[in-house]
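Heads up, the sequence shown is in the working numbering, so the first residue is 2 and it goes up one at a time.
In this text, a Cβ means the ideal position worked out from N, Cα and C, and glycines have one as well.
Notes for the one structure printed next.
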Amino acid sequence: MTSEEPIWPAATVVFWRQAEGGPQVLMGQRGAAAVFMPSKYVFPGGRLDAADATGAAPALDARCAARLAAHCPPDAPQPTALAAAALRELAEETGLTPASDARWRFIFRAITPPGRTRRFDARFFLVPALGASGDSETFAGAEDELSHLHWIGLTEARALDLPFITEVVLAEVQALLAGTDQPGVPFFDNSGPVPTFRRIP
């Protein structure tokens with residue numbers, strides 16, 4: 002595998018809710034036979050489908066859309082397609098759909114480094130679960146891509162078997178939900194031979 006391995010656009014939802022002990026996020030475990038990140042605990046998400054370009058998408062404010070479009074090649078998917086993919090993946094993997102007025106916030110972007118079995122340009126959305134439709138306890142409408150779906154506190158989540166980038170996202174989420182200001186969206190850019198970190202203003 003070389004740095005020429007294709008990089009697929011992807012979208013992920015950090016679905017969160019407020020509990021008595023503090024904020025919780027929804028996570029599940031990938032199958033042991035999965036090609037990419039087997040047995041790891043992750044947030045719901047996945048690669049864009051062609052249909053996402055015209056699929057149902059949540060409303061994005063202008064700043065969120067502009068950030069999603071930053072540092073992208075001309076043929077990159079539109080912000081609405083990324084949001085549509087995130088919405089679809091959340092519904093498929095958890096059986097849940099956010100409330101129509103839920104605020105979608107683009108909080109993180111990471112491109113998988115060269116040499117991995119799959120490479121993705123993944124955008125992470127922080128979305129509140131308040132008012133979501135579907136069974137948020139048994140996840141009865143979920144497909145079988147993720148197992149052990151459950152809500153977990155942010156500190157407890159760090160004890161799970163997580164991909165490195167998920168650990169970084171969790172730290173970002175913890176800071177944001179504690180009220181810390183985000184000075185631009187963190188972007189781990191591994192698209193080229195030299196890893197680059199920047200913040201998207």
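On a Cα-Cα basis, can you pick out the residue from T181, L83, E94, F109 that is closest to A141? E94
Would the stretch 146-161 count as touching the stretch 113-120 if we require 3 or more Cβ pairs under 8 Å? no
If we count the other Cβ atoms within 10 Å of its Cβ and call it buried at 16 or more, is A172 buried or exposed? exposed
Who are G29's beta bridge partners in DSSP? V43
What is the rounded straight-line gap between the Cα of E138 and the Cα of L27? 10 Å
For the structure I just gave you, are there three or more beta carbon pairs, one from the stretch 42-55 and one from the stretch 78-87, closer than 8 Å? With a cut-off of 8 Å, the stretch 78-87 and the stretch 42-55 count as touching, because enough Cβ pairs lie within range.
One or two residues paired with L127 in a DSSP bridge: V15, R106
Cα separation between P129 and W17? So the alpha carbons of these two residues sit roughly 5 Å apart.
Considering only DSSP beta bridges, list what F121 is partnered with. W9
Cutting at 8 Å between CB atoms, please list the residues of its own chain near M2, excluding the five before and the five after it. Bear in mind that a pLDDT of 38 at M2, under 50, signals an unreliable position, so the number given afterwards is only what the model happens to contain. These residues qualify, in order along the chain: P115, G116, R117, T118.
In three-state DSSP terms, what is T3? In this predicted model, T3 has a pLDDT of only 45, less than 50, meaning its place in the structure is not dependable; the value taken from the coordinates is given anyway. Looking at T3 - three-state DSSP - the assignment turns out to be coil, as it is neither helix nor strand.
F109 versus S148 - alpha carbon distance: Whole-angstrom Cα-Cα distance: 24 Å.
Report yes if the C-beta distance between R68 and V174 is below 8 Å; otherwise report no. no
Verify whether the separation of the beta carbon atoms of A133 and A100 is less than 8 Å. yes
7 Å Cβ shell around P80 - same chain, five flanking residues per side excluded: L61, A66, L69, A70
Does R64 pass the burial test, meaning 16 or more other C-beta atoms within 10 Å, or should it be called exposed? exposed
Using three-state DSSP, classify T197 as helix, strand or coil. strand
Rounded separation between L97 and T197 - CA only: 35 Å
According to DSSP, simplified to helix, strand and coil, what is F188? strand
What residue from R89, D122, Y42 has the CA that sits closest to F208's CA? With the chain covering 2 to 202 only, the question about residue 208 has no answer from this structure.
Pick from R199, E144, P194: whose alpha carbon is nearest that of Q30? E144
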